[in-house]
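K.L.:
Pasting a structure below so you can have a look.
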Amino acid sequence: MQSESLVYSNARVKSLENSFLSQEKINRMVYADSLDEAVRVLLESNYGNGIVASAFDFDLILNAEEQKLNDFMSENTIPKMGLETFLVKNDYHNAKAICKAKYMHSDDVSYMVAPEGKISIDFMQEKIFNDTYDSLPKPMAQALLKIDNDRVMGDTNPSSIDIALDKAMYEDILDSLKSSKAASIKQYWQANIDFGNISLFIRYKKIGFSQKQFEASLIDGGKLDKNLFVSYYDQVADSFIEKLKYTCYEKLVNTIDLNNLVSFETECDNYLLNIFKENKQDVFSVAPLAGFYVAKKMEIKVCRMILILKKNKIDSNIIKQRLRDYYA
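Numbering (the working numbering), first residue to last: 130 to 457.
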């Protein structure tokens, strides 16, 4: 059942903040001598409710922890406060996975899907595989129809599935936030859109994609107007970066390296976390719940990154540079 008390849910969050990995534990993972030693930190921390897996199956542990987080958010999502938008993101991830499986003529989607959001995976798979989209959210249904039509016209690029459903996801999320007073959650999603568009601009310019291809991939709804991106696309990238200094993201501009976006993406994650971090003690707002969810998702992302780099024997000092700010 959904919680009817924001104060009660935020009190639960307060008790769960002890489940965050400490900075000391993160550092132990980073400087561990082996992948086994790094994974042991998660096992000692009861990650994924104590699921046991070998070092090379660390995804099982991380996926179990993500499922636990998702279950908590589902139980504590209060209607019309914007918190449901975090679950919507899982729905669109799963729609992408199922749609790609359909076109690969594969019935097995288990290895591609995220924990269920607001929509049952089985239900979504049935609808997508049978091309019956009416009972799915309108933006998702329209995107799936577009993907089907594009396929008929010869577009078999998997990225077109991602683009169509990403656009639909943000349309769905921003539409649901119109009736919500949670300004911080709206700011979070608008920043996500802007950061995605900035990264897209830099990557597409570097690859040499046309302006038409770029415009087709841009997402609506961020604080930065789409025309800003379009008007600078035929200019050198440095001109665009200079323009960003006069936007609300000026503090992030110095982290942009046109040849390597790792530092920029790290600071984007820190920016997103800080949206809720400032008000995480306000039990009468959505900030504690939203902040806990975002911080825990980020922690799982960081653990996955550390373990993948450990598996590939990347130097610990390089891994350290990719860490995010600490939330708790």
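We treat Cβ as the ideally placed atom computed from N, Cα and C, and that holds for glycine.
1) Identify which residue in 242, 240, 296 has its Cα closest to the Cα of residue 351.
2) Put residue 388 into one of helix, strand or coil per three-state DSSP.
3) Whose CA, out of 240, 326, 290, 155, lies closest to the CA of residue 171?
4) If I follow the unbroken alpha helix (DSSP H) through residue 158, where does it start and stop?
5) Going by Cα to Cα distance, which pick from 158, 205, 138, 250 is closest to residue 429?
6) Determine, using beta-carbon pairs with one atom in the stretch 220 to 232 and one in the stretch 251 to 270, whether at least three such pairs fall under 8 Å.
7) Measure from the alpha carbon of residue 318 to the alpha carbon of each residue in 202, 189, 211, 331, then state which is nearest.
8) Using 8 Å as the Cβ pair cut-off and three pairs as the minimum, do the stretch 165 to 182 and the stretch 190 to 199 touch?
9) List the endpoints of the continuous alpha helix (DSSP H) containing residue 367.
10) Let's see if you can read the secondary structure: which residues bound the alpha helix (DSSP H) around residue 338?
11) Using only the alpha-carbon positions, how far apart do residue 408 and residue 142 sit?
12) Are residue 357 and residue 329 closer than 9 Å when you measure CB to CB?
13) On the CB-based measure, 16 or more other CB atoms within 10 Å of its CB, does residue 377 come out buried or exposed?
14) What are the boundary residues of the alpha helix (DSSP H) that residue 305 is part of?
15) What did DSSP end up calling residue 149 once you bin it into helix, strand or coil?
16) In chain order, what are the residue ranges of uninterrupted alpha helix (DSSP H) at least 4 long that sit wholly in the stretch 177 to 215?
17) In chain order, which continuous runs of the alpha helix (DSSP H) of length 4 or greater are located wholly inside the stretch 218 to 277?
18) Exposed or buried, residue 287, counting other C-beta atoms within 10 Å across all chains shown (16 or more means buried)?
19) Express the C-alpha separation of residue 414 and residue 437 in angstroms, rounding to a whole number.
20) Which same chain residues end up closer than 8 Å to residue 313 when comparing Cβ atoms and leaving out the 5 residues on each side of it in sequence?
21) With a CB to CB cut of under 6 Å and the five nearest residues on each side skipped, what residues in its chain are close to residue 184?
P.N.:
Walking through what the data contain:
1) As a working note, residue 351 is residue 222 in the sequence shown. For residue 351, the nearest C-alpha among the options comes from 296.
2) Indexing the sequence shown from 1 puts residue 388 at position 259. Correct three-state label for residue 388: coil.
3) For this step, residue 171 is matched to residue 42 along the sequence shown. Among 240, 326, 290, 155, the Cα nearest to that of residue 171 is on 155.
4) Your numbering for residue 158 matches position 29 in the sequence shown. Its alpha helix (DSSP H) spans residues 152 to 159.
5) Counted from its first residue, the sequence shown places residue 429 at position 300. Minimum Cα distance to residue 429 is reached at 158.
6) Contact holds: three or more Cβ-Cβ distances are below 8 Å.
7) Taking the first residue of the sequence shown as position 1, residue 318 is located at position 189. For residue 318, the nearest C-alpha among the options comes from 211.
8) Because the criterion of three Cβ pairs below 8 Å is met, the stretch 165 to 182 and the stretch 190 to 199 touch.
9) On the sequence shown, position 238 is the one that residue 367 refers to. Bounds of the alpha helix (DSSP H) holding residue 367 are 366 to 373.
10) Here residue 338 refers to the residue found at position 209 of the sequence shown. No alpha helix (DSSP H) contains residue 338, which DSSP labels as neither H nor E.
11) The sequence position of residue 408 within the sequence shown is 279, counting from 1. The sequence position of residue 142 within the sequence shown is 13, counting from 1. So the alpha carbons of these two residues sit roughly 13 Å apart.
12) In the sequence shown, residue 357 corresponds to position 228, counting from 1. In the sequence shown, residue 329 corresponds to position 200, counting from 1. In this structure, residue 329 does not lie closer than 9 Å to residue 357 by Cβ.
13) In the sequence shown, residue 377 corresponds to position 248, counting from 1. Under this definition residue 377 is an exposed residue.
14) Here residue 305 refers to the residue found at position 176 when the sequence shown is read from its first residue. 287 to 305 is the span of the alpha helix (DSSP H), which, as asked, contains residue 305.
15) Position 20 of the sequence shown holds residue 149. Of the three classes helix, strand and coil, the one that applies to residue 149 here is coil, per DSSP.
16) Complete alpha helix (DSSP H) runs here, min 4: 187 to 205.
17) 250 to 258
18) Along the sequence shown, read from residue 1 onward, the residue named residue 287 stands at position 158. By the neighbour-count rule (16 or more Cβ atoms within 10 Å), residue 287 is not buried but exposed.
19) Taking the sequence shown and counting its residues from 1, one reaches residue 437 at position 308. Taking the sequence shown and counting its residues from 1, one reaches residue 414 at position 285. Each residue's Cα considered, the two are about 36 Å apart.
20) Position 184 of the sequence shown, counting from 1, holds the residue named residue 313. Here the set comprises 404, 405, 408, 414, 415, 416, 419.
21) In the sequence shown, counting from the first residue as 1, residue 184 sits at position 55. Within the same chain, residue 184 has close Cβ partners 164, 165, 168.
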